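As structure tokens, the structure follows; a few thoughts come after it.
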Amino acid sequence: MALQSVCVFCGASTGTNPLYREAAENLGRTLAERGIRLIYGGGAVGLMGVVADAAMVAGGEVIGIIPQSLKRAEVGHNGLTRLEVVDGMHARKARMAELSDGFIALPGGLGTLEELFEVWTWGQLGYHAKPLGLLDVNNFYSKLGNFLDHLVDEGFVRAKHRAMLQLCDSPDALLDAFSQWQPIEQARWHDREPD
Ligand code: AMP
Numbered sequence: 001m002a003l004q005s006v007c008v009f010c011g012a013s014t015g016t017n018p019l020y021r022e023a024a025e026n027l028g029r030t031l032a033e034r035g036i037r038l039i040y041g042g043g044a045v046g047l048m049g050v051v052a053d054a055a056m057v058a059g060g061e062v063i064g065i066i067p068q069s070l071k072r073a074e075v076g077h078n079g080l081t082r083l084e085v086v087d088g089m090h091a092r093k094a095r096m097a098e099l100s101d102g103f104i105a106l107p108g109g110l111g112t113l114e115e116l117f118e119v120w121t122w123g124q125l126g127y128h129a130k131p132l133g134l135l136d137v138n139n140f141y142s143k144l145g146n147f148l149d150h151l152v153d154e155g156f157v158r159a160k161h162r163a164m165l166q167l168c169d170s171p172d173a174l175l176d177a178f179s180q181w182q183p184i185e186q187a188r189w190h191d192r193e194p195d
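Residue numbers (full-length UniProt numbering): 1 to 195.
Laid out in structure tokens, this is it:
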């Protein structure tokens with residue numbers, strides 16, 4: 001699939017290891033160089049600010065979506081191509097999903113995981129057929145990857161739904177995987193036959 005816009009979920013903090021900041025810079029720059037628009041939460045703090053700044057500096061297009069209530073706490077970024085201010089978290093997530101052809105999580109905390117898992121469950125339900133990826137910097141997500149495989153082994157997640165989320169340690173590898181992504185045939189969750 002041709003990727004025009006990719007959504008990045010990431011921490012409102014930078015984390016303790018400088019590798020996380022470096023990875024956010026690298027991802028922002030790579031998106032810009034590949035002519036892919038960055039969609040993200042619109043903040044200037046933490047890895048959010050780092051990925052957005054890197055994409056802007058490299059000449060990319062960046063759209064931020066921020067709830068009015070968080071504009072102060074997350075410091076709404078005023079150097080973007082466009083900053084959209086929305087009514088709340090639900091509107092933010094829906095708008096980010098609507099604008100994006102795929103979703104990448106950089107390292108982050110509860111907000112990052114919540115955003116990733118929600119959009120993944122929307123994919124599982126057949127609301128969209130877009131790819132998702134974890135940027136596995138410094139093995140940040142390796143244990144989560146193992147746990148997700150465990151959910152498949154234990155019969156709680158179907159292998160085809162697990163396969164919607166890919167783990168890569170480089171942005172180029174992840175974006176190449178997205179470009180080759182073949183959406184799964186998706187019956188709706190409640191009327192599917194068992195595998
Ligand atoms: P964190 O990973 O906790 O540093 O948060 C990263 C981003 O996720 C921040 O922009 C938070 O505003 C956002 N976030 C936190 N909780 C939620 C939520 N329930 N829905 C959507 N975004 C959230």
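Backbone N, C-alpha and C define an ideal beta-carbon position, used for all residues, glycine too. Note that this is a predicted model, so its numbers are computed, not measured.
Report yes or no: do three or more beta-carbon pairs, one from the segment 157–168 and one from the segment 124–139, lie closer than 8 Å?
yes
Looking at residue 95 and the ligand AMP, is the gap between the Cβ and the nearest heavy atom below 7 Å?
Counting from one through the sequence shown, the residue named residue 95 turns up at place 95. It does not: the Cβ of residue 95 is nowhere closer than 7 Å to a heavy atom of the ligand AMP.
Considering just the uninterrupted stretch of the beta strand (DSSP E) at residue 83, what are its terminal residues?
Numbered from 1 along the sequence shown, position 83 holds the residue referred to as residue 83. 82–86 is the extent of the beta strand (DSSP E) around residue 83.
Close-in-space but distant-in-sequence residues of the same chain around residue 29 (CB under 6 Å, 5 per side omitted):
Here residue 29 refers to the residue found at position 29 when the sequence shown is read from its first residue. 54, 58.
Look up residue 52 in the DSSP assignment and say whether it is helix, strand or coil.
Numbered from its first residue, the sequence shown carries residue 52 at position 52. Note: residue 52 maps to helix in three-state DSSP.
In terms of residue numbering, what span does the beta strand (DSSP E) encompassing residue 132 cover?
Working through the sequence shown from its first residue, we reach residue 132 at position 132. 132–135 is the span of the beta strand (DSSP E), which, as asked, contains residue 132.
From 151, 175, 46, residue whose alpha carbon lies closest to that of residue 161
For the purposes of this step, residue 161 is taken as residue 161 along the sequence shown, with counting starting at 1. The candidate whose alpha carbon is nearest that of residue 161 is 151.
Can you grab the Cα-Cα spacing for the pair residue 139 / residue 19, in whole Å?
Sequence index remark: in the sequence shown, residue 139 carries index 139 (1-based). Sequence index remark: in the sequence shown, residue 19 carries index 19 (1-based). Computed Cα separation, rounded: 11 Å.
Residues that DSSP places opposite residue 43 in a beta bridge:
If you number the sequence shown from 1, residue 43 lands on position 43. Its beta-bridge partners are 76.
Return the residue from the list 105, 110, 125 that minimises the CA-CA distance to residue 169.
Numbered from its first residue, the sequence shown carries residue 169 at position 169. Answer by Cα proximity: 105.
On the DSSP letters alone, give me the boundaries of the beta strand (DSSP E) that residue 9 sits inside.
The sequence position of residue 9 within the sequence shown is 9, counting from 1. It spans 5–9 - the beta strand (DSSP E) in which residue 9 sits, taken as one unbroken run.
Among 97, 16, 31, which one has its Cα closest to the Cα of residue 46?
Here residue 46 is taken as the residue at index 46 of the sequence shown, counted from 1. The option with the nearest alpha carbon to residue 46 is 16.
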